[in-house]
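Under my numbering, the first residue of the sequence shown is numbered 468, with each subsequent residue one higher.
Just so you know, even glycine gets a beta-carbon here, dropped at the ideal spot from N, CA and C.
All remarks here apply to the structure that follows.
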Amino acid sequence: MKIRSAQFVVSNSDARRCPEDSLPEYAFIGRSNVGKSSLINMLTERKSLAKTSGTPGKTQLINHFMINEEWYLVDLPGYGYARVSKKDRATFQKYITDYFLIRRQLLNAFVLVDIRHDPQKVDTEFMQWLGGHGLPFAIVFTKADKLKPQAIDRHTDRYIRHLLAGVWEEAPPYFVTSATKQMGKEALLSYIESINERFYKQQADPAIRKEDGKSPRV
Ligand code: GTP
Ligand code: MG
468 MKIRSAQFVV
478 SNSDARRCPE
488 DSLPEYAFIG
498 RSNVGKSSLI
508 NMLTERKSLA
518 KTSGTPGKTQ
528 LINHFMINEE
538 WYLVDLPGYG
548 YARVSKKDRA
558 TFQKYITDYF
568 LIRRQLLNAF
578 VLVDIRHDPQ
588 KVDTEFMQWL
598 GGHGLPFAIV
608 FTKADKLKPQ
618 AIDRHTDRYI
628 RHLLAGVWEE
638 APPYFVTSAT
648 KQMGKEALLS
658 YIESINERFY
668 KQQADPAIRK
678 EDGKSPRV
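Given below as structure tokens:
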């Protein structure tokens, strides 16, 4: 997919006040500092469309960007600094979970994880939370420039094996990316394009059945 236009639309801490139209929407979520905003800039080929920082906690609101006047890309705050409850379960900021529950036009979440790290509980719990609510997601491994190619395969294999050893029967789709090396851009944009196409086909012909849980929620 070619990015013809990318514009900031609105920042919000209230999911109910996000854009009202029903354009397909894709959210980028993950721990603070994992590289969500950098990935968005890489995908859109805009240096500072989304604000980035070396200090965790830069993005504080739900940020909507309109792409090609056709779909939204959403930059979210990190969830790494959420308080952990007594039962040692991760808790996620309410306005973030509200966002995922309210936005019917959200077609896919991208859960970003740093490719160098072992699976973190906060990430796998968030994936489980998405799965439990029937929300389709894909994993995006970030900062792949920090590893050599063999190490990239080793780390991704280990991560997916960890998920399959847990609650997941089927591995989610995943992408290997680097914002600094422009890695993974085509694969990720093609994935979004294919979901968009399915969405518009389904809108034109509601008789087309949803094939599986990964289908757009329309
Ligand atoms: P919050 O908004 O604070 O939750 O962070 P974020 O997930 O949006 O991360 P951000 O894009 O601001 O990047 C955090 C830091 O990681 C910055 O110092 C970036 O330069 C660095 N970074 C992001 N992506 C990459 C990457 O692909 N490779 C390398 N080497 N560094 C990266
Ligand atoms: Mg950010």
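What is the DSSP secondary structure of residue i, reduced to helix, strand or coil?
i: M468; result: coil
i: E536; result: coil
i: L597; result: helix
i: Y546; result: coil
i: T519; result: coil
i: A473; result: strand
May I ask you to list the residues that DSSP assigns as paired with residue i?
i: S478; result: N530
i: T609; result: D581
i: A494; result: V541 and A576
i: F642; result: V607
i: M509; result: Paired residues: none, contrary to the question.
Is there at least one non-hydrogen atom of the ligand GTP closer than 7 Å to the beta-carbon of residue i?
i: P486; result: no
i: G598; result: no
i: V501; result: yes
i: T564; result: no
i: D612; result: yes
i: A646; result: yes
i: P616; result: no
i: T623; result: no
i: G497; result: yes
i: P523; result: yes
i: T609; result: yes
i: G651; result: no
i: G545; result: yes
Less than 7 Å between C-beta atoms, sequence neighbours within five positions excluded: which residues of the same chain meet that for residue i?
i: P586; result: Y626 and H629
i: I619; result: I582, A611 and V643
i: R483; result: I569
i: E512; result: I470
i: Q474; result: F532 and M533
Who are the near neighbours of residue i in its chain, counting only those whose CB is closer than 8 Å to its CB and skipping five residues on each side?
i: S515; result: N508
i: L590; result: For the record, residue 590 in the displayed sequence is Asp; it is not Leu. Here the set comprises G497, R498, V578 and V580.
i: L528; result: S478, N479, S480 and P544
i: S564; result: The amino acid occupying residue 564 in the given sequence is Thr; Ser does not appear at that position. Counting only Cβ-Cβ distances below 8 Å, and skipping sequence neighbours, we find W596.
i: L510; result: I470, L540, K652, L655 and L656
Sorry if obvious, but does the Cβ on residue i come closer than 7 Å to a heavy atom of the ligand MG?
i: S478; result: no
i: T519; result: yes
i: T526; result: yes
i: D542; result: yes
i: S504; result: yes
On the three-pair Cβ rule with 8 Å, is the region 516-533 touching the region 593-602?
A contact between stretches requires three or more CB pairs, one per stretch, nearer than 8 Å, and the region 516-533 fails this requirement with the region 593-602.
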